[in-house]
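Note sheet for the following structure.
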Amino acid sequence: MVSKITRGIKVEVKVYHVKETLHLNNLVHFFNYDIRIENQSTDVVQLLSRYWLIKDALNFDTIVEGEGVIGKTPIVQPTKDFEYTSGCFISGITGSMQGYFTLINHSTSQIFRVKVPLFIMNVPYIFN
Numbered sequence: 031m032v033s034k035i036t037r038g039i040k041v042e043v044k045v046y047h048v049k050e051t052l053h054l055n056n057l058v059h060f061f062n063y064d065i066r067i068e069n070q071s072t073d074v075v076q077l078l079s080r081y082w083l084i085k086d087a088l089n090f091d092t093i094v095e096g097e098g099v100i101g102k103t104p105i106v107q108p109t110k111d112f113e114y115t116s117g118c119f120i121s122g123i124t125g126s127m128q129g130y131f132t133l134i135n136h137s138t139s140q141i142f143r144v145k146v147p148l149f150i151m152n153v154p155y156i157f158n
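When we follow this note's numbering, the leftmost residue of the sequence shown carries the number 31, and every step to the right adds one.
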């Protein structure tokens, strides 16, 4: 698990390999990741959007960005958290993801970014 705190918002990520399959005659690996966003600040915040940079060992970079996460734009009260699970696939046996969430502080109307730390996606059998 990796974590990072930005402006009182803690983001924790846990990643795990789900399966491998053929897609358009190429072997791809599916990973799920659990995200926990904990509001350690004293202000109410709301997640507005996300940005991901996904890299794999075959030098394919994918950018994913858009409104909310899993169809939601959650409001997170002080001392509370929001958790969700999502996933992606990579070509090759290893890759990484990093990015940020854009939030708004409901007390000040200030929009800010919260970094999601780099996390690695490795196919489990590469270490055997």
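Glycine is no exception: its CB is placed at the ideal position from the N, C-alpha and C atoms. Values in this document were obtained by computation on a predicted structure and should not be read as measured data.
{"Asked": "Rounded to the nearest angstrom, what separates GLY117 and GLN70 at their Cα positions?", "Found": "26 Å"}
{"Asked": "Ordered along the chain, which non-local residues of its own chain (more than five positions away) have a Cβ less than 6 Å from that of GLN107?", "Found": "VAL74"}
{"Asked": "Between which residues of its own chain and HIS136 is the CB-CB distance below 7 Å, once the five residues before and five after are set aside?", "Found": "ASP73, VAL74, VAL75, GLN76"}
{"Asked": "Exposed or buried, what is MET31 when buried is set at 16 or more other beta-carbons lying within 10 Å of its beta-carbon?", "Found": "exposed"}
{"Asked": "Determine the burial state of GLU20: buried for a count of at least 16 other Cβ atoms within 10 Å of its Cβ, exposed for fewer.", "Found": "This structure gives no information on residue 20, because the portion of the chain shown stretches from 31 to 158."}
{"Asked": "Looking at the secondary structure, which residues open and close the beta strand (DSSP E) in which GLN70 lies?", "Found": "Run containing GLN70: none; DSSP gives neither H nor E here."}
{"Asked": "So LEU78 and ILE93 are in contact, right, with Cβ under 8 Å, and what is the actual spacing, rounded?", "Found": "Not a contact, Cβ separation roughly 17 Å."}
{"Asked": "With 16 as the cutoff for other CB atoms within 10 Å, does TYR46 come out buried or exposed?", "Found": "exposed"}
{"Asked": "Do you know how far the Cα of PRO154 is from the Cα of ILE123?", "Found": "9 Å"}
{"Asked": "Looking only at DSSP bridge pairs, what is GLY96 linked to?", "Found": "ARG80"}
{"Asked": "Assuming ARG37 is part of the beta strand (DSSP E), what are its boundary residues?", "Found": "Looking at the DSSP string, ARG37 is not in any beta strand (DSSP E), and its letter there is neither H nor E."}
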